[in-house]
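Residue numbers (the numbering used here), protein chains in the order written: chain X, 53 to 579; chain G, 53 to 579. A quick write-up on the structure given underneath.
Written out as C-alpha cells, the structure is:
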C-alpha cells in the first residue's frame, strides 16, 4: 500500500542538526579541502619563504579568508631575509661520458651565470676540522662535499604506513623535558658550518659545490639555510645514484667533468615574511581566543604538498566549515598560516614574541636556525597581555595522513577534555590522547611557555619514506579522505575549545632553562 | 710453550683442493664480479642495442674473454635495426609557471632539433579505437597519451625483498603449457599500436607526445620499440608526479605549455647487433657443450645494472673463475652475452636459429616483438646438428639477488641432478629446485625446444619495486655478496654439467603448436 503524502514541512522550520553533524555535513558533502590544496600546490607551486610564489600564496590566502567572511584577514610581517627561486636548472656529466643527471639547485645558492663546466673533486666536508686536509686542492673544481657511501639502503619496511593501535600506545609516555647542551652545540655547529663551508670553498677558489641527496631512488630535496645573506657559490644537490656514480668514477681514474646550469634568482625587494591570520570573532571578548595553525611555506623540490599544503588546506577548510555553519563562538577562533617555518619556526616565534611572551634577545646575531636551537634556554620569560588570552592552539604539520589522535604535549590536566572532545571521531579513526610531546614545528614554543598548544597524531603514509621535503612532495601524494577528516577534526576541536566553559588547563610558565641531566648517557652518534 | 718450527712444505706439493673449494676460493678471495659490473655500468653506461655504448661494450667483453685465455672469443651478428642514444634532454613546464620536469626521451624517438615549445593536450590513446575521438584536435600540440589516474599507489609492502622458504615452495608447481591466442592477440595489438599511434599523431600534425611513467616517486624508464624504423615524432616519458600535475592543470583551465629539448641521435652505420660468445674447449668433442648466458643489452634510463650487467658480470666472472682454476672439462663450456633481449629476445633467438633448431619464417614482416610473441607457434621445428650438442644452458636475468635455487622449467627428469649439483650451496642460501617454468628471457625458447635450459630462482631485492628498467638501475643497487655467490653457483653448475657422465635429460622435441584450452576462463583484464 502506498503511503499517503506527508504534510509538507517548510525548510526553515527543520530543527537545526547538532554541531557535530553539521561539521560532518559541511566537511564531506561540500568539502573544499582538496580544491584548496590543489591551488596551493599545482597552481601556485612550492612556497619558499619570500619567493615570488609565496607572495602570490600570501595574497591568495588573505583573499580567500576575506571571501569567506572571516574578520580581519591580514598579513603580519616579520624580518626574514632574501627571496629565492629556480627558473631552470641542469646538471650533466660531460666526461667520461655524456649523461643528464638528476639534480636541483640548493636553496639560496647563486646562479651559475650561464654554463659552469669543471672537473669534480670528492672532498667530504662535514665539519670544520675537515678543512685542513683539502686546503689548496679545491681551486677550479666543483667540490663534492658528501661522503658517498657505497650502496643504497635496503628498505625492508613498507614505504606507506598507517599507525596500529600499538604504535599509538607507544606515544602515550612521559619523558622529562631536558636540556641537552651537547646536542644543541652539535646542532649549532652544523648550522654554523654551512656558512663556514661557503666561506672556505670561496676562499679556496672552488667554482661550485655538490652534495648527495639523503634519499635513494633519485629523489631530491635542496634545502639550504643561508637566506640572510645568500651563499657565495653555486650549489646543487645530486640524486644519490648519480652522486655515487660520480664518486666511483672519480676514485677509479680521471675525475668526471660536470656542466651545471643553475638559473636561479634572489628577490630582495622586501625582507619581511608574513604570517596570514584571520578570525571568527567571539561573543565574549574577555574569554580569549583559540587558534589553529599550519605552516604555509615549503621547500622547492616538490610543490610542498604534504609539507605543508596539507595542514594549510585543513586549517583553511576548518575556517570555511565553521563560517559556513554560521557559528557564533564564545571565544574568538583564529586561523594562522605560518611562514618561515622550514628555516627555524620564524613565523610562529614572531607571533609569540608579538602576542604571547618575550624572551631576551640573543646575545649576538644568530644565523638561520640558532634562534630555534636556543629558544627555550633564554630566560627570563616575560608574558605579554595576550599570554592569558590563548585558550588552545592546534597545529597540523605531518602530512595529509588521517588524524588518529592528539599529543597532550605533557599537559596532563588537559587530557580529559581533549579525550571528550575527540570522542565523536572514533568511527573516523581518531580519539587517542597520548601524553608525549612533539617538536620541530609551530606549536613547540607555545607549549614550551606552558600554553595549551597541541599537535595531532597522524598516520605517516609515505611522509617519512618518500615525500617529506622531496621532489615527490606533490598533490597526488595527498589522501583526500584523510584530508577531509583532518579538516573536520580541526573545525570540531576549535569549536569545542571556543565554547568550553573554562579554557584548557595550562602547564606552569617556565621560570628557568630546562635542567641538564648530569648523568646522561653520552650520545653514541656524537663525534 | 712455543711449538718447534714445522718442516717446510713445498707449495707445489700441496694436494689440490676439490673443485668446489677452488670455486669458492677464486670467487671470494679474488672476485672480479663487481669490478666487471662497475665497468659495464659506471664506465660504459647503458647498453641499448646498437648504441655507441653497446659497441664499446661488445669490444670490451670480447677483449676480456680473450685476455683471460678463453677460446674463440667472438661476436656473432644478427639483423636488429637502428642504434640510438641520448646526448642531452630537458622538459620544462613554461606556463602557468616555470618548472623543470623529470623526464626522459623515449627510445628510438627523433630529436626535437633544438627547442620545441607547445601547449599540451591530454588525449588518452591506448588502442586504435581511441583515435576517432581525437581526430582533428591534436595539431600543433604535445599530446599526453596516458590516462593520468588520480593518485599514487600506496605501497604497503617492502620495496626490498628476499624470498622466504614459503615463497620458494610456491614456485614448485606444474602448470600445463598452453597457448592463449587471445593473450597473444592482445600483445600483438599493443605492439602494432606503437606504430599506429606514431602514424596517427604524425598525420594529425601533433608536434610530439608525452607518456606517464608507470612507477611513482619520480622514477623514469623510456622504453620504446620502433628500432627498425625510428619513430616519427619526438616523445618523452614524464615522471608520474609531473605528468599528473600537467593533466590536472590542463583539466582545470588553460593547458600548460611545455618546452622539450630532446638531443638524441640515430646511429645507422650497421644494423647488425652482436652476441658475444667465448669457450673453454672440452676434451671430448663428441660430448657436446654446456652454456651460461645473460643478456648484455639494457634500456637507457639508468645504467642497466640489475638488468642486466648483474647477470652479464656473473657469466663473465664464472668464465674467469673456471679459467683461473685451469679446468679441462669433458664438454666445452660456452659463455654467451646476448644482445637485443629487451626488444624481444633477438639475440638468443638468432643463436637458436643458427645453432639449435629452425622454425618457419614469419608469414609477413613482423614488428619488434611479434617474433617473440609468435615464436612457439611456428611449426614444424627442424632441429639442426647443434641441437644434440647442447647439454645444459643456464640463464641469469633477474638482478643481482642471491641465487636461491633453480627452475627445472617443467623438466622433471632433470630435477635429481640439478638438486645434487646445487646441494653444496645450501649454506650460501641456494639449493631449491622448483618445477615451474619461467619466461621473458633468453632460456625461454631453448626450453621451448625441449632443451635442458634453466633459469635460476633469485631474491628480487628492489628489482620489481624500483630498479627494473628504471632510472635507479645503477651500480649501487647491486648487492656485492649476492653477485659473488651468483658467479660461484654459475661456475660450479657449468663445471658439473660439463663433466657429468650423461648430458641432462631433455623434454621431447615439440611437434605441434601448444594446445589451446577451449574451456579457458576469459581473462578479466581483456577489453
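Note that the Cβ used here is the ideal one computed from N, Cα and C, for glycine as well.
First through last residue of the alpha helix (DSSP H) which encompasses residue i
| i | result |
| --- | --- |
| residue 104 of chain X | 104 to 119 |
| residue 244 of chain G | 233 to 255 |
| residue 399 of chain G | 398 to 407 |
| residue 298 of chain X | 292 to 303 |
| residue 71 of chain G | 71 to 76 |
| residue 538 of chain X | 532 to 551 |
| residue 472 of chain G | 467 to 474 |
Cβ-Cβ separation, residue j to residue i (assumed contact under 8 angstroms), whole Å
| i | j | result |
| --- | --- | --- |
| residue 340 of chain X | residue 555 of chain X | 6 angstroms |
| residue 462 of chain X | residue 487 of chain X | 7 angstroms |
| residue 353 of chain G | residue 272 of chain G | 5 angstroms |
| residue 293 of chain X | residue 521 of chain X | Contact flag wrong, Cβ pair sits at about 18 angstroms. |
| residue 494 of chain G | residue 351 of chain G | With a Cβ gap of about 16 angstroms, residue 494 of chain G and residue 351 of chain G do not count as contacting. |
| residue 286 of chain G | residue 260 of chain G | 4 angstroms |
| residue 213 of chain G | residue 513 of chain G | 7 angstroms |
| residue 384 of chain X | residue 435 of chain X | About 19 angstroms separates the two Cβ atoms, so there is no contact after all. |
| residue 97 of chain G | residue 151 of chain X | 7 angstroms |
| residue 454 of chain G | residue 483 of chain G | About 12 angstroms separates the two Cβ atoms, so there is no contact after all. |
Chain G contact for residue i (CB, 8 angstroms cutoff)
| i | result |
| --- | --- |
| residue 560 of chain X | no |
| residue 148 of chain X | yes |
| residue 185 of chain X | no |
| residue 269 of chain X | yes |
| residue 202 of chain X | yes |
| residue 380 of chain X | no |
| residue 428 of chain X | no |
| residue 95 of chain X | yes |
| residue 252 of chain X | no |
| residue 529 of chain X | yes |
| residue 212 of chain X | yes |
| residue 244 of chain X | no |
Beta bridge counterpart(s) of residue i as assigned by DSSP
| i | result |
| --- | --- |
| residue 225 of chain G | BP columns for residue 225 of chain G are empty, so no partner. |
| residue 153 of chain G | G/143 |
| residue 343 of chain X | X/386 and X/445 |
| residue 310 of chain X | X/145 and X/170 |
| residue 374 of chain G | Residue 374 of chain G is not bridged to any residue. |
| residue 136 of chain X | X/318 |
| residue 507 of chain G | G/447 |
Chain X contact for residue i (CB, 8 angstroms cutoff)
| i | result |
| --- | --- |
| residue 101 of chain G | no |
| residue 423 of chain G | no |
| residue 451 of chain G | no |
| residue 286 of chain G | no |
| residue 152 of chain G | yes |
| residue 358 of chain G | no |
| residue 301 of chain G | yes |
| residue 90 of chain G | yes |
| residue 140 of chain G | yes |
| residue 579 of chain G | In this predicted model, residue 579 of chain G has a pLDDT of only 42, less than 50, meaning its place in the structure is not dependable; the value taken from the coordinates is given anyway. No, no contact with chain X. |
| residue 293 of chain G | yes |
| residue 190 of chain G | no |
| residue 275 of chain G | no |
Span of the beta strand (DSSP E), counted from its first residue to its last, around residue i
| i | result |
| --- | --- |
| residue 173 of chain G | 167 to 174 |
Contacts that residue i makes with chain C (C-beta to C-beta distance below 8 angstroms)
| i | result |
| --- | --- |
| residue 130 of chain G | Absent from the structure: chain C. Protein chains present are X and G. |
Practice prompt. Would you be able to state if there are at least three C-beta pairs under 8 angstroms between the stretch 538 to 552 of chain G and the stretch 357 to 370 of chain G?
Written response: When Cβ pairs closer than 8 angstroms are counted between the two stretches, the stretch 357 to 370 of chain G is seen to touch the stretch 538 to 552 of chain G, the count reaching three or more.
Worksheet entry | Segment contact, 8 angstroms Cβ cut-off, at least three pairs: the stretch 450 to 460 of chain G with the stretch 504 to 517 of chain G | When Cβ pairs closer than 8 angstroms are counted between the two stretches, the stretch 450 to 460 of chain G is seen to touch the stretch 504 to 517 of chain G, the count reaching three or more.
Worksheet item: Can you find at least 3 beta carbon pairs, one from the stretch 320 to 331 of chain G and one from the stretch 477 to 492 of chain G, that sit closer than 8 angstroms?
Response: Too few Cβ pairs lie closer than 8 angstroms, so no.
Discussion item. Across the stretch 190 to 202 of chain G and the stretch 164 to 178 of chain G, are there enough close Cβ pairs to call them in contact, namely three or more that are closer than 8 angstroms?
Written reply: They touch, by the three-pair rule.
Worksheet item: Are the stretch 405 to 412 of chain G and the stretch 473 to 485 of chain G in contact at 8 angstroms, needing three or more beta carbon pairs?
Response: Fewer than three pairs of CB atoms, one per stretch, sit closer than 8 angstroms, so the stretch 405 to 412 of chain G makes no contact with the stretch 473 to 485 of chain G.
Item to complete: Determine, using beta-carbon pairs with one atom in the stretch 307 to 321 of chain X and one in the stretch 143 to 161 of chain X, whether at least three such pairs fall under 8 angstroms.
Response: With the cut-off at 8 angstroms, the stretch 307 to 321 of chain X and the stretch 143 to 161 of chain X touch.
Practice prompt. Specify whether the stretch 100 to 110 of chain G and the stretch 556 to 568 of chain G touch according to this definition: at least 3 beta carbon pairs, one from each stretch, less than 8 angstroms apart.
Written response: Under the Cβ criterion (8 angstroms, minimum of three pairs), the stretch 100 to 110 of chain G does not count as touching the stretch 556 to 568 of chain G.
Practice prompt. For the stretch 77 to 94 of chain G and the stretch 529 to 544 of chain G, state whether three or more C-beta atom pairs, one from each stretch, are separated by less than 8 angstroms.
Written response: As far as the Cβ criterion goes, the stretch 77 to 94 of chain G touches the stretch 529 to 544 of chain G, which means the pair count is three or higher.
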